[in-house]
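What follows is a set of notes on a single structure, which appears directly below.
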Amino acid sequence: MGPRTPRCHRLCVQSTKSGMGQPIIFATLGTFLIDNVIYADEGLQERHLGGGGLWAAAGARIWLPLKDVFLSARGSRDGIPEDMVKELRAISSIILDEYLWLQTGTDSDSILQSETKYKARIRSFRHLNPRPFSILQSFPSTSPVHTAKYLHFCCSPEDLSTSLEHISTYQTRPVVVYEPMPISCTPSRLDALKRVLPSVNIFSPNHEEIGMFLSESYGDEDTPEDIRRRVERLTRVYHDYGAKSIVVRAGAQGSYVSNMDPAFGKVGCSWLPAYWTSDEALQVKNTTGAGNSFLGGLCAGMNREENDVVRAAAYGSVSASFAIQQAEVPIFGHSEDGAETWNGEHPRDRLRRYL
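Reminder that position 334 of the sequence shown reads as 334 in full-length UniProt numbering, one-by-one numbering, no gaps.
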């Protein structure tokens, strides 16, 4: 007999818990990884769950039932520390018991890991064991990802194009929310972006990424007003490229919604503030994952608000407000009446205050 090849299988494909064959609300094809965070100046190191997919799923999960959030992770479950398993179970029932890709056999099959280093106020990031991003064609036909009402992508325009080809075979088309990967926001990929934008329902770069495709960047002396004017100007450019609805995540400046699709509410443009004000800066501990969480919350909000993208952005702002209160994903719990809480609060209470 020759050497054994690595195994790759899925646990409990016919799961009654996920309602196999029944539509779900939200699925993300973003990454799931373990982030090794290094604070070089302090000589400290931490490990956290991370990845754009994980944060997006967390942002959606704040509003949606456990069974309606799909997140896929490739790698060996043995590579996930037990203290992190509990966090995962709070975010998606479809990650560990049902649709986690389990692989054993080689080091390359381990859970995706990254290194984030902070040194002299400079942040660097790299994948320690890089691999191709997920596309819809890589999932079996029985996967709930194909039934999702809202699909979140965080990838290059080329990878999105491949998944869009698969979506064209669906009987019911999902709402496609596209967040470009920062590394793919280059002028060389602008043509590829132009080709996919007409098939994207919600295009959501952040305030820096929206300029990177066009070789535009911010200077150290740019004021908040400069940032807002540039976002508004560049948004018009992307509408000319075929984008229907654009949501720009602008950090402390909030978010800018420019909607030209009547199917997603009133046609027009508006700024929404960030949840935490400058007077509440102590609430902001770590902004990693805030933008991804915003988009998960946005999708959940669209589901609740009949696809009104402006009202949905308020849900995104609340999801981001939970994400930035700590380095890890928000802490899941229950109140005395049995209702779910995150960081000790009901999301609906924050939404009420925000609106």
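Glycine is no exception: its CB is placed at the ideal position from the N, C-alpha and C atoms.
From a predicted model like this one, the values you see are computed outputs, not experimental measurements.
query: Proximity winner among Gln326, Gly338, Lys119, Val85, relative to Tyr39 (alpha-carbon distances); result: Lys119
query: Alpha-carbon spacing of Pro180 relative to Leu193, whole angstroms; result: 9 Å
query: Spatial neighbours of Ser335 in its chain, beta-carbon cut-off 6 Å, leaving aside the 5 residues before and after; result: Thr341
query: Contacting residues, own chain, Cβ-Cβ under 6 Å from Arg4 (five flanking each side not counted); result: Confidence at Arg4 is low in this model, with a pLDDT of 33, below 50, so its placement is unreliable and no value can be given for it.
query: Beta strand (DSSP E) runs wholly inside the region 182-242, at least 3 long, in chain order; result: none
query: Distance CB(Tyr238)-CB(Ile227) smaller than 8 Å; result: no
query: Close beta carbons around Gln283, own chain, < 7 Å, minus the five adjacent residues each side; result: Trp276, Gln325
query: Where the alpha helix (DSSP H) through Ala58 begins and ends; result: 52-61
query: Helix, strand or coil at Ser124 according to DSSP, with G and I counted as helix; result: strand
query: His334, enclosing beta strand (DSSP E) - first and last residue; result: 332-334
query: Reduced DSSP category for Arg131 - H, G, I as helix; E, B as strand; rest coil; result: coil
query: Cutoff 8 Å: Ile135 Cβ touching any chain C Cβ; result: Going by chain labels, chain C is absent from the structure shown, which holds only one protein chain.
query: Run of the alpha helix (DSSP H) containing Leu29, from where it starts to where it stops; result: Run containing Leu29: none; DSSP gives neither H nor E here.
query: Rounded straight-line distance, which links the Cα of Leu64 to that of Met84; result: 21 Å
query: Backbone secondary structure at Thr147 - three-state DSSP; result: helix
query: Leu71: first and last residue of the uninterrupted beta strand (DSSP E) it sits in; result: 69-71
query: As assigned by DSSP and simplified to three states, the class of His48; result: strand
query: His166 in three-state terms, based on DSSP; result: helix
query: DSSP-derived helix/strand/coil call for His9; result: Below a pLDDT of 50, predicted positions are generally treated as unreliable, and His9, at 25, falls in that range; the measurement from the model is reported next regardless. Looking at His9 - three-state DSSP - the assignment turns out to be strand.
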